[in-house]
Structure formats: structure tokens, C-alpha cells
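K.L.:
Okay, handing you the structure first.
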Amino acid sequence: MRPALEFESLLETMFALAADGKTNRKGMPNPFRLAVIAKAHFDTVRLPFPPAWLQKAGLALGVPLGRLLGYQPTYAPEATPVATAA
């Protein structure tokens, strides 16, 4: 895709979630986190089915709950402490 616009951010978020083990076996985050991410990237990527209006309706319900749970549209891996030699 050119220009990448927000698609690059979507890929970075999904790969970071997977790398941190925050996805299921199919590579999908929980539905509320996914709703927050999907809403942020709806103009860039959406599913071919169901229709866009139905997707928006689902997001209208899922996004507020996802936000209450603290989910953001992007995900950066948590910094891991660096071990030092004693």
C-alpha cells in the first residue's frame, strides 16, 4: 500500500501485541482491544463483510468498553528491565 499512512501503525500494533503474547492462537487481540484498534484504522482497513454500517454499530458498542479497560489504538511493548552483571 502506498502511501502507508496509518496502515504501518496498524501492522506495528498487531505485531507488537503478538510478540508480547496478547493475542489468541489466531493472532487476534481480545474483542474490546480489537474494537479500539479497528475504530482508529477504520478509514484505512475494514472487513468486506458485514456491511460498513454494521461494523460501525459494533464499534460504537465495543470502543467505549475497550477505552474503559484502558486499551489504546496503538500498542508499544512494555520496556523490560535490563539485567546487570553483579
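In this note's numbering, the protein residues as written are 568 to 653. Quick reminder that beta carbons are idealized off the backbone N, C-alpha and C, glycines included.
Is it buried or exposed for F599, if we count other Cβ within 10 angstroms and need 16 for buried?
P.N.:
If you number the sequence shown from 1, residue 599 lands on position 32. Buried: at least 16 other Cβ atoms inside 10 Å.
K.L.:
With L584 and Y642 assumed to form a contact (beta carbons below 8 Å), what rounded beta-carbon distance in angstroms separates them?
P.N.:
Numbered from its first residue, the sequence shown carries residue 584 at position 17. Numbered from its first residue, the sequence shown carries residue 642 at position 75. Contact holds; Cβ gap of about 5 Å.
K.L.:
What number of angstroms, rounded off, separates the C-alpha of P618 from the C-alpha of F582?
P.N.:
Within the sequence shown, the letter at position 51 stands for residue 618. Within the sequence shown, the letter at position 15 stands for residue 582. Spanning the two alpha carbons is a distance of roughly 26 Å.
K.L.:
The alpha helix (DSSP H) that contains A585, what's its start and end?
P.N.:
Mapped onto the sequence shown, residue 585 falls at position 18. Run containing A585: 574-586, per the alpha helix (DSSP H) assignment.
K.L.:
Could you pull out every residue in the same chain whose Cβ sits closer than 6 Å to the Cβ of P644, ignoring the five residues on either side in sequence?
P.N.:
As a working mapping, residue 644 is identified with position 77 in the sequence shown. Once the five neighbours on either side are set aside, the close Cβ partners of P644 are A583, D587.
K.L.:
Could you work out which residue in L577, A624, A627 is closest to M595 when comparing CA atoms only?
P.N.:
Stepping through the sequence shown from its first residue, residue 595 is reached at position 28. Comparing Cα positions, the closest option is L577.
K.L.:
Is P631 helix, strand or coil when you go by DSSP?
P.N.:
Your numbering for residue 631 matches position 64 in the sequence shown. Correct three-state label for P631: helix.
K.L.:
So, is G637 buried or exposed, given that buried needs 16 or more other C-beta atoms within 10 angstroms?
P.N.:
For the purposes of this step, residue 637 is identified with residue 70 of the sequence shown, where counting begins at 1. Exposed is the call here.
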